[in-house]
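Under full-length UniProt numbering, residues 1 to 401 are what the sequence shown spells out, in order.
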Amino acid sequence: MHDFTTLLIEVGALLLLLGLLSRLSRRIGLSPIPLYLLAGLAFGHGGLLPLDASEEFFAVGAEIGVILLLVMLGLEYSANELVGNLRAAAPAGLIDGVLNALPGAIFALLLGWDWVAALVLGGITWVSSSGVIAKVLADLGRLGNRETPVILSVLVIEDLAMALYLPLVTAVLAGTGLLGGGIALTVAVATVLIVLVVAIRYGHLISSALSAKDPEALLLGVLGLTLLIAGLAASLQVSAAVGAFLVGIALSGPVAHHATELLSPLRDLFAAVFFVFFGLTTDPQDIPPVLLPALALAVVTMATKTLTGYLAARRVGIAEPGRWRAGLALVPRGEFSIVIAGLAVAAGSVEPRLAALAATYVLITVVTGPILARLPDFPWFKRWLRNRAEAQRREPVTVHD
Numbered sequence: 001m002h003d004f005t006t007l008l009i010e011v012g013a014l015l016l017l018l019g020l021l022s023r024l025s026r027r028i029g030l031s032p033i034p035l036y037l038l039a040g041l042a043f044g045h046g047g048l049l050p051l052d053a054s055e056e057f058f059a060v061g062a063e064i065g066v067i068l069l070l071v072m073l074g075l076e077y078s079a080n081e082l083v084g085n086l087r088a089a090a091p092a093g094l095i096d097g098v099l100n101a102l103p104g105a106i107f108a109l110l111l112g113w114d115w116v117a118a119l120v121l122g123g124i125t126w127v128s129s130s131g132v133i134a135k136v137l138a139d140l141g142r143l144g145n146r147e148t149p150v151i152l153s154v155l156v157i158e159d160l161a162m163a164l165y166l167p168l169v170t171a172v173l174a175g176t177g178l179l180g181g182g183i184a185l186t187v188a189v190a191t192v193l194i195v196l197v198v199a200i201r202y203g204h205l206i207s208s209a210l211s212a213k214d215p216e217a218l219l220l221g222v223l224g225l226t227l228l229i230a231g232l233a234a235s236l237q238v239s240a241a242v243g244a245f246l247v248g249i250a251l252s253g254p255v256a257h258h259a260t261e262l263l264s265p266l267r268d269l270f271a272a273v274f275f276v277f278f279g280l281t282t283d284p285q286d287i288p289p290v291l292l293p294a295l296a297l298a299v300v301t302m303a304t305k306t307l308t309g310y311l312a313a314r315r316v317g318i319a320e321p322g323r324w325r326a327g328l329a330l331v332p333r334g335e336f337s338i339v340i341a342g343l344a345v346a347a348g349s350v351e352p353r354l355a356a357l358a359a360t361y362v363l364i365t366v367v368t369g370p371i372l373a374r375l376p377d378f379p380w381f382k383r384w385l386r387n388r389a390e391a392q393r394r395e396p397v398t399v400h401d
């Protein structure tokens, strides 16, 4: 009973603090994500006032937060839109992998680490945080922007790539060899394809089974279905986030519209818990020794990720402001990067500084990402874009004989 009382006090006090921080962030015109992370650092391991009783609650809440963020993203788009965007964004996905995985792998080799650590760090720097980006897009009111489908296409390709990468890297870390890795990879690919086919071909049947007229039944049905599919996907070594996203894609019509309204408050609650939990699990004392390498890696890969989004948006004919919004929105890394680092730490055979470097790197990108995403909205940035466009128009055209 005493532990439960302590849990209530810790959770209640922290949620109240998050509410005040959210209000403060709105007042100063920033995303609340960096403040949530800093709150987690203050009350986590090695922080000012560690919260021990509520750590397990926040761990479960964080997982639910990522799942809700992704199902809400899926509800914004139909299955046909997903397939069309994936086909159009396939080259951008390839560019994304080259521009963002290679710097991490090369950085590990420059530090003198082995090829396994290079493989792991390449994955950490490659994949953006779907959860953070979904929250940023919602906070900035950009879900309906023209560049948003491009951003989502890149994120979905990354998440699907993670469904292949995670089983592979798990097999390498466990030393199971090519056979074990091949089996894990085959199961992951088959699972993703089955869920995707069901979402596209039978999504209307799933929607018809859920009544949009009964809010209580709809909330319980959509939430239960989402958690069930996410759990099944995770048990088959596929990202739970991918499963949740595909559930959102499968739902359509009035069901999707009303589900979005019902799930929004839950998404906001558990998304805040996700960001706090990330801070809670990061020991501030581990940051100083790896701060400079992590900062250098973050600067390089934030630039390459911005270039990825810019090129992807330009490829589909989006104007320059939208290109910058797409590129800067993709900067944060998050849940997948931490999962990859956690797999390496659990294996125990990788460079011991990797975990601290990954946590510091992700923290830098997650704190600066939401701030950078606002740059295209600033008047001085808009003036710079206008001046740049005018200068390009005034450039003389060279006529060749």
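Even for Gly, the Cβ is constructed at its ideal location relative to N, Cα and C. Just so it is clear, the structure is predicted and the values come from calculations on it, not from any experiment.
With a Cβ-Cβ cutoff of 8 Å, do residue i and residue j count as a contact?
i           : j           : result
residue 309 : residue 124 : no
residue 131 : residue 271 : yes
residue 42  : residue 274 : no
residue 329 : residue 37  : no
residue 371 : residue 240 : no
residue 336 : residue 58  : no
residue 126 : residue 97  : yes
residue 332 : residue 279 : no
residue 385 : residue 321 : yes
residue 334 : residue 307 : no
residue 292 : residue 364 : no
residue 22  : residue 305 : no
residue 359 : residue 286 : yes
residue 218 : residue 209 : no
residue 117 : residue 350 : yes
residue 225 : residue 247 : yes
residue 72  : residue 260 : yes
residue 361 : residue 298 : yes
residue 74  : residue 101 : no
residue 234 : residue 157 : no
residue 39  : residue 18  : yes
residue 215 : residue 262 : yes
residue 230 : residue 243 : yes
residue 206 : residue 250 : yes
residue 147 : residue 313 : yes
residue 95  : residue 311 : yes
How is residue i classed by DSSP in three states: helix, strand or coil?
i           : result
residue 145 : coil
residue 401 : Its pLDDT being 48, under 50, residue 401 is placed unreliably in this model, and the value from its coordinates should be taken loosely. Here residue 401 sits in coil by DSSP.
residue 251 : coil
residue 39  : helix
residue 113 : coil
residue 129 : coil
residue 201 : helix
residue 11  : helix
residue 183 : helix
residue 316 : coil
residue 16  : helix
residue 282 : coil
residue 32  : coil
residue 140 : coil
residue 292 : helix
residue 212 : coil
residue 263 : helix
residue 243 : helix
residue 350 : coil
residue 49  : coil
residue 309 : helix
residue 334 : coil
residue 44  : coil
For residue i, report the span of its alpha helix (DSSP H) as first-last.
i           : result
residue 382 : 379 to 394
residue 361 : 354 to 373
residue 233 : 215 to 235
residue 330 : No alpha helix (DSSP H) contains residue 330, which DSSP labels as neither H nor E.
residue 55  : 55 to 75
What whole-angstrom Cβ distance do residue i and residue j have, given they're in contact under 8 Å?
i           : j           : result
residue 377 : residue 245 : With a Cβ gap of about 27 Å, residue 377 and residue 245 do not count as contacting.
residue 70  : residue 134 : 7 Å
residue 315 : residue 92  : 6 Å
residue 203 : residue 252 : 6 Å
residue 236 : residue 169 : Not quite, the Cβ-Cβ distance comes to about 16 Å (not below 8 Å), so this is no contact.
residue 325 : residue 142 : 7 Å
residue 164 : residue 189 : 7 Å
residue 173 : residue 344 : 6 Å
residue 290 : residue 353 : 6 Å
residue 140 : residue 374 : 7 Å
residue 7   : residue 54  : 5 Å
Between residue i and chain B, is any beta-carbon pair separated by less than 8 Å?
i           : result
residue 320 : Although the question refers to chain B, the structure presented lacks it and comprises just one protein chain.
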